[in-house]
Every structure is written in structure tokens, then in C-alpha cells.
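Enquirer: Mind the numbering: the sequence shown is residues 1 to 204 in UniProt numbering, read in order. All residues carry an ideal CB built from backbone N, CA and C; glycine is no exception. Please read all numbers here as calculations on a predicted model, not as lab measurements.
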Amino acid sequence: MAKRLVVLVSGSGTNLQALLDAIATQGTAVYGAEIVAVGADRDGIVGLERAERAGLPTFVRRVRDYATREEWDAALAEATAAYEPDLVVSAGFMKIVGKEFLARFGGRFVNTHPALLPSFPGAHGVRDALAYGAKVTGCTVHFVDDGVDTGPIIAQGVVEVRDEDDEAALHERIKEVERRLLVDVVGRLARHGHRIEGRKVVIP
Ligand code: GRF
Numbered sequence: 001m002a003k004r005l006v007v008l009v010s011g012s013g014t015n016l017q018a019l020l021d022a023i024a025t026q027g028t029a030v031y032g033a034e035i036v037a038v039g040a041d042r043d044g045i046v047g048l049e050r051a052e053r054a055g056l057p058t059f060v061r062r063v064r065d066y067a068t069r070e071e072w073d074a075a076l077a078e079a080t081a082a083y084e085p086d087l088v089v090s091a092g093f094m095k096i097v098g099k100e101f102l103a104r105f106g107g108r109f110v111n112t113h114p115a116l117l118p119s120f121p122g123a124h125g126v127r128d129a130l131a132y133g134a135k136v137t138g139c140t141v142h143f144v145d146d147g148v149d150t151g152p153i154i155a156q157g158v159v160e161v162r163d164e165d166d167e168a169a170l171h172e173r174i175k176e177v178e179r180r181l182l183v184d185v186v187g188r189l190a191r192h193g194h195r196i197e198g199r200k201v202v203i204p
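(1) The ligand GRF and I23: does the residue's C-beta get closer than 7 Å to at least one heavy atom of that ligand?
(2) Per DSSP, what kind of secondary structure is R191 in: helix, strand or coil?
(3) Apart from the five residues on each side of it in sequence, which residues of its chain come closer than 7 Å, Cβ to Cβ, to N111?
(4) Would you check if the distance between the CB atom of G32 and the CB atom of A190 is smaller than 8 Å?
(5) Assuming A115 contacts T137 (C-beta within less than 8 Å), just tell me the rounded distance between them.
(6) For V161, does the three-state DSSP call read helix, strand or coil?
(7) Which residues mark the beginning and the end of the alpha helix (DSSP H) in which R50 is found?
(8) Do M94 and A123 have their CB atoms nearer than 8 Å?
(9) So V88 and V6 are supposed to be a Cβ contact under 8 Å. How far apart are they, rounded?
(10) Using 8 Å as the threshold, is the C-beta distance between residue 219 and G47 below it?
(11) Considering only heavy atoms of the ligand GRF, does any lie closer than 7 Å to the CB of I35?
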């Protein structure tokens, strides 16, 4: 049985698109997973348009519509849980989830980050690596824990920094690697399952 994915987005959704394309090309049975819904923390983003174009249900839970961050987190968890996902994928979802979300989806909530963790966590991984003068950077697909980009690493991809790079150019090259890595990792998790041993993720 194909695994059920809920994908969370905040922006252009090219990582979501890569998953959609892989599933469409390979077929749900071969890829091992289907996207059952797409969630966001804001309206009017291309990521949601991509979901709608693919005929998928969407939901939006905005922090500012809730009295507290905890209430927002619970609402996001509830909306996600309604689609009974096996895995939740944060594909450029620019919010830190809270206790309730992690209580429900911890250990099966995957994030992609545009730097080689544990270097350059946070919202500006590309800019920070460039400013630091790093010669290589890349992307990290990892499980989310209660820290900021601190959870167990599933896979990483390396990208060389060029002298002439600005943030946009470097991020674009990282995203090419990131999309392939995310598609590969999510498919493997769906088909083979995984276990987390301390900090190590094992996909049998
Ligand atoms: C990715 O690089 C992700 O790691 C970062 O934001 C980007 C999202 O891109 N947090 P997209 O919305 O999937 O195009």
C-alpha cells in the first residue's frame, strides 16, 4: 500500500512539484507514496497553486489567526491529522512547529534544509554559509525534533560555492540537488520504512 504524505509549504513549492512529478512519472505503486493533501501557513503562494493544479486538497493555518502559538500548532496538527498521513514533509515550510505537532508526527516529520547541518541552521542557511566563506555547502533532509534544524539526519547533498555566487544563484544550485535528494529520500522511506537509533537514521 502506498504511504500517505501530507506536504507543508510556505513558498514557491518547487520541492512539492518535484514530489508531484516523481509520483506522476513513476506511478504511486512504484514510488511507494501518494500526496493526500498540502498545507501552508499563508495564503496566495505558488506552492498552494501547484497543489490545486494537481487536484489536491489544501489547508491554510495562519499563526496570526490564533490567540497563541500553541493554539496555532494544535490547529495545524489537527488539520494535518485529518488526512491520516504516514509521513509529513516540510518542503520549504518556514515555521517551527510546537509540542502538539511533534507529539503526533515526531519521528515521521521530514524537513529539508538548504545547508549542511549542523552548520548554518535557521531561516538563512544559504546566506549564512556564503557570508561565512564556506567553500562547500548543500542541503540536508532530516527528521524534525524540538530544536531548530537539529533532528537526526537522513541524507545530505553537497554543492560547491563559487566565487561569483550571490545568495540567489547559490540557493538555485542547492535547490536542484535538494529536489532530487528529497524525492529519493521520501520514496525510500515510503518503500522501506526506517528506524532511528540515537542520532542515526537507518533505512533498511
Ligand atoms: C528550500 O531550499 C528549502 O530548503 C528552504 O526553502 C526552499 C523552498 O523552496 N527552506 P520551494 O518552496 O520548495 O521552491
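Expert: A quick look at the data gives this:
(1) no
(2) helix
(3) S90, H142, V144
(4) yes
(5) 6 Å
(6) coil
(7) 46 to 53
(8) yes
(9) 5 Å
(10) Nothing in the structure corresponds to residue 219, since the chain is present only between 1 and 204.
(11) no
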